[in-house]
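A short write-up of the structure that comes next.
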Amino acid sequence: MELNDGFRILVYALLVISSSVGIAFMVFSWLLYRVNRKYGHLPSPRPRSFFTGHLSPINAVAKKMEFPVLTLLHQWTRDLGPVFWVRFIIQPMVFCSNPPTVKEVSLDSRHLKPHSLYDRFHSVFGERFMGYGLLSEVNHEKWHTRRALLNPAFNRKYLKQMMDLFDESATRLRDHLIPLADDKTLVRMLEHFNNVALDVIGKVGFDMDINAVENSDCPFPSAVALALQGINVAFQNPLTLVDPRSKARQYRRSVRDAVKLVRNIGQDCIEKRREAKKKGEELPKDILTCILQAEDDVGQKIEMAELLDEFVTFFLAGHETTSNLLAFTLLEIGRHKDVAKRLKDEVDEVLGSKSIIEYSDLSKLEYMSRVFKETMRLNPPVSGLSRVLASDVQSCGYVIPKGTTIMFMTYVTSRLEEFFDDPLLFNPDRFIPTDETPRHFFAYYPFAIGQRNCIGQQLALIESKVILAKLLQSFDFRLEQSQRHIILREVTNKPIDGCKNYISLRD
541 MELNDGFRIL VYALLVISSS VGIAFMVFSW LLYRVNRKYG HLPSPRPRSF
591 FTGHLSPINA VAKKMEFPVL TLLHQWTRDL GPVFWVRFII QPMVFCSNPP
641 TVKEVSLDSR HLKPHSLYDR FHSVFGERFM GYGLLSEVNH EKWHTRRALL
691 NPAFNRKYLK QMMDLFDESA TRLRDHLIPL ADDKTLVRML EHFNNVALDV
741 IGKVGFDMDI NAVENSDCPF PSAVALALQG INVAFQNPLT LVDPRSKARQ
791 YRRSVRDAVK LVRNIGQDCI EKRREAKKKG EELPKDILTC ILQAEDDVGQ
841 KIEMAELLDE FVTFFLAGHE TTSNLLAFTL LEIGRHKDVA KRLKDEVDEV
891 LGSKSIIEYS DLSKLEYMSR VFKETMRLNP PVSGLSRVLA SDVQSCGYVI
941 PKGTTIMFMT YVTSRLEEFF DDPLLFNPDR FIPTDETPRH FFAYYPFAIG
991 QRNCIGQQLA LIESKVILAK LLQSFDFRLE QSQRHIILRE VTNKPIDGCK
1041 NYISLRD
């Protein structure tokens, strides 16, 4: 009798489970049907599965370094036109390469950054990292208030006063590389650019002597790198967040410790500065002092946690943007000898044997400016920008529905013939200024566009010019033959293989 009761309970349980699974399957299928119907009027690549949508081809391509996802998006744009949509299981996403739509959406503050993409910067494995800094803050009103407070610190006039710091850091990098300049020692320049960029943002931003260029045992650069890696790992493999295995738990703990180290160093720096300001001591002329002064000017104090968010954001955006730009530039001039020669000739003409680069020299390095622009056209620091539409948007004869996550990819538009002649050719002279409105207006935006453009773009360009000019004064660079020209997409875009070079002293 008890056996029969147990059997009946098991049957009932199986029926309940199978019914629940069946209902869940029906609801899931209905949701997919609604998504497909909502976006069915837009062009789309053929999905491999009704249930996973375009997830399979994206994942398959992501594993092939020789054919990255960005290249697939470029191919889909060429095949399908300037507007198309893809679906990642139940998440739809529209890609748009139509400049008028880029302008309309990016200049309208009602269209916000998507939480789903930017929440990953807030914390890493549960430890607050970038929090609600300028990069990760989604609320426009809060972002706008903070941006207005920080703008003076990144004004060109203010950065001009820091030229001696840029020059000093570039000189230290040059001196560090001299013993390696035997044309035989393999040097991964991305690592050195990362270190000098950290030194610069540390000194220019917070009067911190990180000394990453000269001190390989400095814990700060390693902590920043590990924290950034943690963001990337969590994004690419969300299961890492809950993986119960010992190795995964140990990795999460090490990333959290790295985040704590970075924020603790920042807190110590900010507390000492506020105390010095309170005592009336003379303060260094850096970004932190400018921020604290701006607090007084507007009568609004930034809480410590929020200041730390900006501290971390400056180091992420400040050093990654610059180091990747320099590495990609070195990669491009290594592949184009004529460009390298023109760059060196310009540096020799403008600087000669000057030991100190002055601000007035930078505007004379016109060809270098074009080289940087062309480098960012083909190798943008970030692939594009995204927004969630606050209302329906008309684009190329299609209606893109309200609530859609829309992606604008400068990587893609910079490779389209509509905007650039022979787009895959590296040609800095395409950026020679003219009186005409360029065809690539709102199709080329390596530092984003609109109100939420990169606040530190002038800092990055000034710093990059000083460093590259200082190095080209002293060295010749020769790419190692195995160095591949492939973009590695992590938190930012960087050259795979680390930009391997052999260095020799110039005659």
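This note's numbering numbers the first residue of the sequence shown as 541 and each following residue consecutively. By construction, the Cβ of each residue, glycine as well, lies at the ideal position given by its N, Cα and C atoms.
C-beta atoms of residue i and residue j nearer than 8 Å
i	j	result
Leu675	Val952	no
Phe733	Leu902	no
Tyr954	Pro968	It should be noted that the sequence gives Ser, not Tyr, for residue 954. Their beta carbons are not under 8 Å apart, which means Ser954 does not touch Pro968 by this criterion.
Ala721	Val1006	no
Tyr907	Arg882	yes
Met949	Phe628	no
Leu730	Pro761	no
Ala767	Val740	no
Gly742	Phe665	no
Asp849	Gly671	yes
Asp707	Ile1002	no
Leu620	Ser923	no
Leu891	Ala788	no
Phe775	Arg660	yes
His581	Leu929	no
Ile810	Leu781	no
His980	Phe966	no
Rounded distance between the beta-carbons of residue j and residue i, thought under 8 Å
i	j	result
Leu871	Leu1019	7 Å
Lys1040	Ser1014	About 19 Å separates the two Cβ atoms, so there is no contact after all.
Val1031	Asn772	6 Å
Lys884	Leu1012	5 Å
Val753	Val736	5 Å
Ser646	Gly990	4 Å
Ala816	Leu823	6 Å
Residue-chain proximity (residue i, chain B), Cβ-Cβ < 8 Å
i	result
Lys841	Absent from the structure: chain B. Only one protein chain is present.
Nearest candidate by alpha-carbon position, reference residue i, set the options
i	options	result
Gln934	Gly562, Ile549, Val623, Trp616	Val623
Val626	Leu572, Val911, Glu958	Leu572
Phe982	Leu1001, Ile995, Ala930, Leu956	Leu956
Gly745	Arg792, Ile831, Lys819, Ala816	Ile831
Lys942	Gly562, Lys578, Phe568	Lys578
Gln631	Ser1004, Ile946, Asn993	Ile946
Asn993	Asp975, Pro597, Pro608, Lys653	Lys653
Leu657	Val678, Glu644, Arg618	Val678
Arg803	Leu856, Thr617, Thr829, Lys825	Leu856
Val939	Leu717, Ile549, Arg548, Pro583	Pro583
Ala845	Asp826, Arg712, Glu667, Pro920	Glu667
Nearest-angstrom Cα separation, counted from residue j out to residue i
i	j	result
Arg1046	Arg714	13 Å
Asp808	Arg814	10 Å
Val799	Ile750	17 Å
Met541	Ile557	Legend: pLDDT at Met541 = 48, less than 50; position of this residue unreliable, value from coordinates given subsequently. If you take the alpha carbons of Met541 and Ile557, they lie about 24 Å apart.
Leu801	Phe669	11 Å
Leu905	Phe854	26 Å
Ile1043	Leu705	25 Å
Ser559	Phe590	22 Å
Pro973	Lys700	24 Å
Thr915	Glu821	44 Å
Val764	Phe912	26 Å
Gly874	His684	41 Å
Ser909	Gly593	42 Å
Ala564	Thr861	45 Å
Gly673	Ser649	17 Å
Phe851	Met702	18 Å
Pro540	Leu554	Here the chain comprises residues numbered 541 to 1047, so residue 540 is not present and cannot be evaluated.
Leu779	Met566	26 Å
Val838	Arg574	49 Å
Asp1037	Arg1024	7 Å
His655	Phe971	35 Å
Thr977	Leu595	39 Å
Trp570	Pro639	35 Å
Phe868	Lys819	45 Å
Val642	Ala1000	24 Å
Phe1017	Thr725	12 Å
Tyr698	Gly806	22 Å
Arg785	Tyr791	10 Å
Asp797	Ser756	19 Å
Ser931	Glu644	12 Å
Asn576	Asp975	46 Å
Check: residue i C-beta below 7 Å from any heavy atom of the ligand GDP
i	result
Leu613	For the structure depicted, the ligand GDP is absent and the ligand set is empty, with no information on it obtainable.
Whole runs of the alpha helix (DSSP H) within the segment 637-701, excluding any shorter than 4 residues:
Runs of the alpha helix (DSSP H) lying entirely within the segment 637-701, each at least 4 residues long, are 639-646, 655-658, 680-690, 696-700 in chain order.
Which whole runs of the alpha helix (DSSP H) in the segment 550-606 are 4 residues long or more, in chain order?
595-602
Curious, which full-length beta strand (DSSP E) runs of at least 3 residues does the segment 847-918 contain?
none
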